[in-house]
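Protein chains in written order, with the working numbering: chain Z, 350 to 713; chain Y, 9 to 314.
Built from N, CA and C at the ideal position, the CB exists for glycine as well.
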């Protein structure tokens, strides 16, 4: 038996909508098998993973908190990936944004003013964008592969943050714990509604997603991104510059990742510490693909992956499975998303023998 | 043993996993397939090798399990990118993300256990050469394998018929297909070879480099191996050179700390990553040379017409 692909004349509309759901279904089935192998009841585990977190207000807030960075980073990455710029260092830009955004509340901690928060958010975005400017510059002007440089910068950012909170920025009253001072109240991102912890970061995420959706759909810039991504040559004939697009997409995604970073430390953690992200920058890559690189789809995908974080923590407590389960889930999901996307461009058929291939017709 | 010998020994230990993972990825990329999942395959190899060693009591069974695990795991990448023509960059990332998760689960029962360190094998006569003997001929089997693989791959790619076919596929898969070469089958084999080498590199990490299981213990070495292939401009000998250069850089932080140089340890730890960026810039800023060296069909999907 072999699998044969036949290119569709046009991408399938049906499957471009169906494929993420197909992938979700397959992930849930695979997840059930995984739980069964671990000796847990698949029904209870899946219920705990995907349903229970939706049933109480506290977990809904947690989902919003975790979805915010995933959506913010994911929509930025979608612009990169659509234009064929493979920024996979969002985790580093997230950290750079968090560090830059923390300059005001840590260094100028005696300065109390309503300007503190806006300044933090702006410097966070600038920090993320500057950090993304490194691979952008290297790709645009030195012809260096952005995948590897942006990823190497993640490790460097993590080590730099570690040094900061253990060294110059360590709080004098934290008994040698590697944390900075607690941010002052005016440096804390306000909560969204009074019922729980979800903060303005979620609003930023929705605004960014809707804004980028509008840009991709209705503006020349959106068209430029799509054309340059699909064919650089065609883009050049249209007068678009791929070098400028490298800068645009990398700076935009860096700024959004930086905003996510500063929102996380300001809204959720309230200080800097050695680890500020459970891998949001990498999970956002899954979010971007699950949302089919469409900003509105990314909102849904971000909420879903936030659910896997919250659900993962829940089953960790109730069923005693390890926290690695969440990452296995997320990895499986990306695999299924990528496989199901094949159905959009190709007809897949199983050929049982070589003889059966004669009557297939020639639609290539 | 003198100080210089001791330092060189640590360089060899640090370089071996880089050389192994790079030489495997080099063959994969020579067939035009870009597998960014090296980090994932490596960490899977490390977890499986450690677990198999603990279960069986023999590090050699651990090594075999690591190799097999890496190769099997790479099949997942092969199926998606070669059979289902999924995007190679995205699928490679998926392989890394999944590998980090699954290896964490495999290794979880073994966290904190001390493993059986792979014993060196002395090569008679040669091991008695002063200075070089203890360095090169009193090593473990994985080191010998890494050197043999570089020799072997170099011969295979440039002196054998199959190697010529591989290079033909990497430079133009459509022409190779038209000549009757099995593009997809060859690529599957090359992807699995890359997976096996990355698995072996992982086994070296958990059985020789630090004989224990630590989550994410590959610590970016898979990505550095990818950069090394670019550095080596897809030539096996240069992988050896680059691997040892990077091994020296990554181990220098430990020695610098031992000497008490007053630089924060984090900055020294960042050195290999920064060095990778610098090297990539130096290698690739010459556009024409990059274009000549890179396999022309690298990363491009191929669907055989029929």
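Rounded C-alpha distance that separates residue 570 (chain Z) from residue 562 (chain Z): 12 Å
Same chain only: Cβ atoms within 6 Å of residue 447 (chain Z), ignoring 5 sequence neighbours per side: 610, 611, 614, 625
Cβ of residue 371 (chain Z) within 7 Å of any chain Y Cβ: no
Same chain, Cβ closer than 7 Å to residue 587 (chain Z), five either side skipped, listed in chain order: 576
CB of residue 85 (chain Y) within 7 Å of CB of residue 43 (chain Y), strictly: yes
Distance between residue 89 (chain Y) and residue 351 (chain Z) (C-alpha atoms, nearest Å): 15 Å
Chain Y residues whose Cβ lies nearer than 8 Å to that of residue 491 (chain Z): 289, 292, 293
Members of the stretch 494 to 505 of chain Z near chain Y, C-beta cut-off 8 Å: 494, 496, 497, 498, 500, 501, 502, 504, 505
Spatially closest choice to residue 362 (chain Z) from Z:495, Z:690, Z:697, Z:700, by CA coordinates: Z:690
Separation of residue 267 (chain Y) from residue 11 (chain Y), as counted between CA atoms: 12 Å
Where residue 679 (chain Z) meets chain Y, residues with beta-carbon distance less than 9 Å: 105, 106, 109
Cut-off 8 Å between Cβ atoms - residues of its own chain near residue 673 (chain Z), not counting five sequence neighbours on either side: none
With 16 other Cβ atoms within 10 Å as the buried cut-off, status of residue 308 (chain Y): exposed
Meets three-Cβ-pair contact criterion under 8 Å: the stretch 516 to 533 of chain Z and the stretch 448 to 468 of chain Z: yes
Under 7 Å between C-beta atoms of residue 558 (chain Z) and residue 422 (chain Z): no
Beta carbon proximity, residue 310 (chain Y) to chain Z, threshold 7 Å: no
Neighbouring residues, chain Y, relative to residue 511 (chain Z) (Cβ below 7 Å): 274
Where the stretch 175 to 199 of chain Y meets chain Z: residues whose CB sits under 7 Å from a CB there: none
Straight-line gap, residue 103 (chain Y) to residue 680 (chain Z) (C-alpha atoms, nearest Å): 7 Å
In DSSP terms, what residue 193 (chain Y) is bridged to: Beta-bridge pairing links residue 193 (chain Y) to no other residue.
Start and end residues, alpha helix (DSSP H) containing residue 235 (chain Y): 229 to 239
Chain-ordered neighbours of residue 116 (chain Y) on chain Z, where CB pairs are closer than 9 Å: 671, 673
Buried/exposed call for residue 53 (chain Y), threshold 16 Cβ in 10 Å: buried
Residue 221 (chain Y) to residue 408 (chain Z) span [Cα, whole Å]: 34 Å
Reduced DSSP category for residue 162 (chain Y) - H, G, I as helix; E, B as strand; rest coil: helix
Members of the stretch 573 to 592 of chain Z near chain Y, C-beta cut-off 9 Å: none
Of the listed residues Z:675, Z:632, Z:670, nearest to residue 418 (chain Z) (C-alpha basis): Z:632
CB contact below 7 Å: residue 252 (chain Y) versus chain Z: no
Proximity winner among Z:416, Z:402, Z:607, Z:585, relative to residue 481 (chain Z) (alpha-carbon distances): Z:607
Spatial neighbours of residue 402 (chain Z) in its chain, beta-carbon cut-off 8 Å, leaving aside the 5 residues before and after: 408, 409, 411, 412, 656, 659, 660, 663
Residues bridged to residue 354 (chain Z) (per DSSP): Z:697
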